[in-house]
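Enquirer:
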Amino acid sequence: MLTLLRDLRRLRRAIALPAPGRGRSLALRHVDAGSCNGCEHELTLTTGPHHDLQRYGLGIVASPRHADVLLVTGPVTTRMHTPLLTAYHAMPQPRLVAALGNCALGNGILGAPDTIVGPVDEVLPVDLRIPGCPPPPDTIAAALLELIDRARSGS
Amino acid sequence: MTLRDTHSYREAIEAALADGHRFAGLHASADGKIVHTALLAPDGDVHLESARAQDGAVATIVDLAPAAGWDEREAHDLYGIRFDGHEPLRPLVDHDPDLRTWAVPVRGDDAYQIAVGPIHAGVIESGHFRFHVVGDRILHLDPRLFYKHRGLERAAENSTVTDGLRFIGRACAACAVANRLAYTHACEQSLGLGAPPELARVRTVLLELERVWNHLNDIAAVCAGVGLAAGNTLFAALTERARRLNQRLTGHRFLFDTVAVGGSALELDRARTATAREELEAIGQQAARGWRELQFNASFQDRLPDIGALTQDDVERLGTAGPAARATGVAHDARSHAPRLAYQEFTPRIPNHPEGDVRARLEQRALELDQSLTLLARLLRRPLRPTNARCGAAPETPIGIGLVESARGTTLCIVERNRDRLERVHLRTGSYANWPSVAHAAIDNLLPDFPLINKSFELCYACADR
Numbered sequence: 001m002l003t004l005l006r007d008l009r010r011l012r013r014a015i016a017l018p019a020p021g022r023g024r025s026l027a028l029r030h031v032d033a034g035s036c037n038g039c040e041h042e043l044t045l046t047t048g049p050h051h052d053l054q055r056y057g058l059g060i061v062a063s064p065r066h067a068d069v070l071l072v073t074g075p076v077t078t079r080m081h082t083p084l085l086t087a088y089h090a091m092p093q094p095r096l097v098a099a100l101g102n103c104a105l106g107n108g109i110l111g112a113p114d115t116i117v118g119p120v121d122e123v124l125p126v127d128l129r130i131p132g133c134p135p136p137p138d139t140i141a142a143a144l145l146e147l148i149d150r151a152r153s154g155s
Numbered sequence: 156m157t158l159r160d161t162h163s164y165r166e167a168i169e170a171a172l173a174d175g176h177r178f179a180g181l182h183a184s185a186d187g188k189i190v191h192t193a194l195l196a197p198d199g200d201v202h203l204e205s206a207r208a209q210d211g212a213v214a215t216i217v218d219l220a221p222a223a224g225w226d227e228r229e230a231h232d233l234y235g236i237r238f239d240g241h242e243p244l245r246p247l248v249d250h251d252p253d254l255r256t257w258a259v260p261v262r263g264d265d266a267y268q269i270a271v272g273p274i275h276a277g278v279i280e281s282g283h284f285r286f287h288v289v290g291d292r293i294l295h296l297d298p299r300l301f302y303k304h305r306g307l308e309r310a311a312e313n314s315t316v317t318d319g320l321r322f323i324g325r326a327c328a329a330c331a332v333a334n335r336l337a338y339t340h341a342c343e344q345s346l347g348l349g350a351p352p353e354l355a356r357v358r359t360v361l362l363e364l365e366r367v368w369n370h371l372n373d374i375a376a377v378c379a380g381v382g383l384a385a386g387n388t389l390f391a392a393l394t395e396r397a398r399r400l401n402q403r404l405t406g407h408r409f410l411f412d413t414v415a416v417g418g419s420a421l422e423l424d425r426a427r428t429a430t431a432r433e434e435l436e437a438i439g440q441q442a443a444r445g446w447r448e449l450q451f452n453a454s455f456q457d458r459l460p461d462i463g464a465l466t467q468d469d470v471e472r473l474g475t476a477g478p479a480a481r482a483t484g485v486a487h488d489a490r491s492h493a494p495r496l497a498y499q500e501f502t503p504r505i506p507n508h509p510e511g512d513v514r515a516r517l518e519q520r521a522l523e524l525d526q527s528l529t530l531l532a533r534l535l536r537r538p539l540r541p542t543n544a545r546c547g548a549a550p551e552t553p554i555g556i557g558l559v560e561s562a563r564g565t566t567l568c569i570v571e572r573n574r575d576r577l578e579r580v581h582l583r584t585g586s587y588a589n590w591p592s593v594a595h596a597a598i599d600n601l602l603p604d605f606p607l608i609n610k611s612f613e614l615c616y617a618c619a620d621r
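So the protein sequences, as listed, match chains A and B. Using my numbering, the first residue of the first sequence is number 1, and each one after it goes up by one. Using my numbering, the first residue of the second sequence is number 156, and each one after it goes up by one.
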């Protein structure tokens, strides 16, 4: 156990992470609206030791009721349309929506037309767009930091 | 292809199963007029038994091969075929709002139902679970997936053989290479193309690079399932390193677009293969060190044995595939017979305690990680050059079959082709094969252990939903 912790401390020192402490926080709720699982894998690693989202006050929370931001992946499938809206309407206001990955943004969606509603902005107002297939953890982290800075400057 | 009537189709399958064949997949074709069942021979070859539907129905084989349960339900939902004798034929892909149509009714004193999902509490794919419980004990579980159904197989119809790869590739990021390779093998078999040793080597490298990051990720997932943050972060850090290596070698962290029908464009010179070997060795050393630490962490180890156990009998009956099957001691692995890949003298490994529980599945990942790293060190001794498949290696056939071992299990792809156009493509992934086993493994366990059980399989929803 001590070895594991020592290894992590060493890793932390070796990674040049941007300065923490934005003086603000945003709680994120992720909803997979039909992704290929790539965005999920990259988002998971964004909370890992190389990027460590929590350091910046960005935490992934278990319920939309606790969330400021809805982070949506995938082209919205017909089956995820209602659950996505339910999650959105469960959020307190003000609330933000981030579309994560090319499918969520409507770039190069593949599938049968009757199974897919369309990109996230056809269903919800999108405040932040994070392109990539899938966007790597540093892109996700940088975009979310921009969002927290935007929230701080009140724009 | 011989088209049988529904009676002789059933007889042929019964005979093949008695002869040691295993069920490998079933799907509808020709707008629901035909059913194909894939059977895996003891020597590793796959062949199809095909039946023509009579008045929209085919005899069920679910009593002969219970593993065909999901396949028949899917064929009914998507193509309207009925399976005589499969009663009740519950909806699977169809999301009928009436619970009674797809879930088992709750019975017994004090038994009640807990509905979870489709949205889960963490960063997890979408899917719905209905648990029947008494207190904390799980009596039964009905999973309902296909929230992420994108109709990719249908969307791929009528595209060219080359273009069809995009649709199959989109099914899942975690199994991107395995799925594309299964499709590519199916197309190349149908086109009569052979895979010369150099092409086999490139593709095996890609498939094993995918297995390395997946197994690191899956070990991290079990640590997270137990709540051991130090173990989770260590293996998450190694997963990140493995993905960065993928990026450096191929330009993509998930190795997207590295597999193509007819050849490989990947070029790794001597310096880059040397870098790859060094980095993989460093990852291997760190992983081995972390693994040793996990062995001596009593509070972690105490959480693993006897949880979510499958028996060898379950594996045979439910058609469990991949590490989950091998963790029970059933040493099935598509890599044992892979003439299109560079797995000469490959022998599947099984854990020291093949009990089929969470501990065995975790140990299986560590064993296979080690095996993959050794294999990669050997395959990367020489540079990789762009290379093509060999034309005229075999006669062309209208149907091609590809079978590949992904990090989740055996993945089957069947392609029906008319000249350059795809008439039908079907992908049956290791995750699809294993979902019924997750539901079975959960029975009699405690509800708070379900996330751990689920993590120990670490199946993709996207792969199953397509």
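We put the CB at the ideal spot given by N, CA and C, even for glycine.
Please determine, among A/E122, A/L26, A/I140, the residue with the shortest C-alpha to C-alpha distance to A/A67.
Expert: One-based indexing of the first sequence puts residue 67 of chain A at position 67. Per the Cα distances, A/L26.
Enquirer: Here's the rule: buried if 16 or more other CB atoms are within 10 angstroms of the residue's CB, otherwise exposed. What is B/H508?
Expert: On the second sequence, position 353 is the one that residue 508 of chain B refers to. B/H508 comes out exposed.
Enquirer: I'd like to confirm the pairing. Which residues does DSSP put opposite B/N543 in its beta bridges?
Expert: The sequence position of residue 543 of chain B within the second sequence is 388, counting from 1. B/N543 is bridged to B/G418.
Enquirer: Measure the alpha-carbon distance for B/T584 versus A/R24 and round it to whole angstroms.
Expert: Sequence index remark: in the second sequence, residue 584 of chain B carries index 429 (1-based). Sequence index remark: in the first sequence, residue 24 of chain A carries index 24 (1-based). If I take the Cα positions, the gap works out to 43 Å.
Enquirer: In chain A, which residues lie with their C-beta within 9 Å of the C-beta of B/G319?
Expert: In the second sequence, the residue the question calls residue 319 of chain B occupies position 164. The contacting residues do not exist; B/G319 stays about 11 Å from chain A at best.
Enquirer: Tell me B/Y630's beta-bridge partners as DSSP assigns them.
Expert: Residue 630 of chain B lies beyond the stretch modelled for chain B, which goes from 156 to 621, so this question has no answer here.
Enquirer: With 9 Å as the threshold, decide whether the Cβ of B/Y587 is near any Cβ in chain A.
Expert: In the second sequence, residue 587 of chain B corresponds to position 432, counting from 1. So no, B/Y587 is outside the interface.
Enquirer: Considering just the uninterrupted stretch of the beta strand (DSSP E) at A/G118, what are its terminal residues?
Expert: What you label residue 118 of chain A is simply residue 118 of the first sequence in a count that begins at 1. 116-118 is the extent of the beta strand (DSSP E) around A/G118.
Enquirer: Identify the residues that DSSP records as bridge partners of A/A27: which are they?
Expert: Sequence index remark: in the first sequence, residue 27 of chain A carries index 27 (1-based). Beta-bridge pairing links A/A27 to A/G59.
Enquirer: Note down, in chain order, all residues in the stretch 28-51 of chain A with a beta-carbon under 7 Å from any beta-carbon belonging to chain B.
Expert: Against chain B - using a Cβ distance shorter than 7 Å - the residues of the stretch 28-51 of chain A are H30, V31, D32, G34, S35, C36, N37, G38, E40, H41, L43, T44, L45, G48, P49, H50.
Enquirer: Are the beta-carbon atoms belonging to B/G324 and B/N313 less than 9 Å from one another?
Expert: Here residue 324 of chain B refers to the residue found at position 169 when the second sequence is read from its first residue. Here residue 313 of chain B refers to the residue found at position 158 when the second sequence is read from its first residue. For B/G324 and B/N313, no; Cβs fall outside 9 Å.
Enquirer: Could you check whether the Cβ of B/N452 sits closer than 9 Å to any Cβ belonging to chain A?
Expert: Within the second sequence, the letter at position 297 stands for residue 452 of chain B. So, interface residue.
Enquirer: Closest to B/A480 by CA distance: which of B/A429, B/A376, B/A596 is it?
Expert: Position 325 of the second sequence, counted from the start, is the residue given in the question as residue 480 of chain B. Checking every option, the nearest Cα to that of B/A480 belongs to B/A596.
Enquirer: Measure the C-alpha to C-alpha separation of B/Y164 and B/A206 and round it to an integer number of angstroms.
Expert: As a first step, residue 164 of chain B is located in the second sequence; it is residue number 9 there, counting from the start. As a first step, residue 206 of chain B is located in the second sequence; it is residue number 51 there, counting from the start. One C-alpha to the other measures close to 6 Å.
Enquirer: Using a Cβ-Cβ distance cut-off of 9 Å, determine whether B/V278 contacts chain A.
Expert: As a first step, residue 278 of chain B is located in the second sequence; it is residue number 123 there, counting from the start. Interface residue, yes.
Enquirer: Write down every uninterrupted run of the alpha helix (DSSP H) in the stretch 410-477 of chain B whose length is 4 residues or greater and which is fully enclosed by it, in chain order.
Expert: Within the stretch 410-477 of chain B, the complete alpha helix (DSSP H) runs of at least 4 residues are 425-450, 453-456, 467-473.
Enquirer: Please confirm if the stretch 111-119 of chain A is in contact with the stretch 41-51 of chain A, defined as three or more CB-CB distances below 8 Å between the two stretches.
Expert: Contact fails: fewer than three Cβ-Cβ distances are below 8 Å.
Enquirer: Kindly indicate if chain A contains any beta-carbon less than 9 Å away from that of B/H250.
Expert: Numbered from its first residue, the second sequence carries residue 250 of chain B at position 95. B/H250 counts as touching chain A.
Enquirer: Can you tell me whether B/R621 is helix, strand or coil according to DSSP?
Expert: Along the second sequence, one-based indexing puts residue 621 of chain B at 466. Of the three classes helix, strand and coil, the one that applies to B/R621 here is coil, per DSSP.
Enquirer: Check the Cβ-Cβ distances between B/E395 and every residue of chain A, and say whether any is below 9 Å.
Expert: By 1-based counting over the second sequence, the position of residue 395 of chain B is 240. Judged by the 9 Å Cβ criterion, B/E395 is in contact with chain A.
Enquirer: Please check if any C-beta of chain A sits within less than 9 Å of the C-beta of B/C342.
Expert: Here residue 342 of chain B is taken as the residue at index 187 of the second sequence, counted from 1. False, the Cβ-Cβ gap to chain A never drops below 9 Å.
Enquirer: Does the separation of the CB atoms of B/I216 and B/A223 fall below 9 Å?
Expert: Here residue 216 of chain B corresponds to residue number 61 of the second sequence, with the count starting at 1. Here residue 223 of chain B corresponds to residue number 68 of the second sequence, with the count starting at 1. Yes, these two residues count as a Cβ contact at 9 Å.
Enquirer: How long is the line joining the alpha carbons of A/G132 and B/C615, rounded to whole angstroms?
Expert: Start at 1 with the first residue of the first sequence, and residue 132 of chain A comes out as number 132. Start at 1 with the first residue of the second sequence, and residue 615 of chain B comes out as number 460. Cα to Cα, A/G132 sits roughly 20 Å from B/C615.
Enquirer: On a Cα-Cα basis, can you pick out the residue from B/P460, B/T428, B/A171, B/R504 that is closest to B/V377?
Expert: Translated into positions along the second sequence, residue 377 of chain B becomes position 222. For the residues B/P460, B/T428, B/A171, B/R504, the minimum Cα distance to B/V377 belongs to B/P460.
Enquirer: Rounded to whole angstroms, what is the Cα-Cα separation between A/A141 and A/L147?
Expert: For this step, residue 141 of chain A is matched to residue 141 along the first sequence. For this step, residue 147 of chain A is matched to residue 147 along the first sequence. In a straight line, the C-alpha of A/A141 is about 10 Å away from that of A/L147.
Enquirer: Closer than 7 Å by C-beta to B/L348: which residues in its own chain qualify, once you throw out the five before and the five after it? Chain order, please.
Expert: Translated into positions along the second sequence, residue 348 of chain B becomes position 193. Cβ neighbours of B/L348 beyond the five flanking positions: G417, A544, R545, C546, A548.
Enquirer: For B/A392, which residues in the same chain have their Cβ closer than 7 Å to its Cβ, ignoring the five residues on either side in sequence?
Expert: On the second sequence, position 237 is the one that residue 392 of chain B refers to. For B/A392, where only same-chain residues beyond five positions count, there are no Cβ hits under 7 Å.
Enquirer: Which residues of chain A have a Cβ atom closer than 7 Å to the Cβ of B/H304, listed in chain order?
Expert: Position 149 of the second sequence, counted from the start, is the residue given in the question as residue 304 of chain B. Chain A residues near B/H304: T77, R79, T115.
Enquirer: Does DSSP put B/H202 in a helix, in a strand, or in coil?
Expert: Residue 202 of chain B sits at position 47 when you count from the first residue of the second sequence. If DSSP states are grouped into helix, strand and coil, B/H202 belongs with the strands.
Enquirer: Given B/A482, which residues of its chain have a CB within under 7 Å of its CB, disregarding the five upstream and five downstream residues?
Expert: Counted from its first residue, the second sequence places residue 482 of chain B at position 327. The answer, listed in chain order, is P506, P509, G511, A515, R516, Q519.
Enquirer: Within 8 Å: the Cβ of B/A489 and any heavy atom of the ligand PLP?
Expert: Questions concerning the ligand PLP fall outside what the structure shown contains, since it holds no ligand whatsoever.
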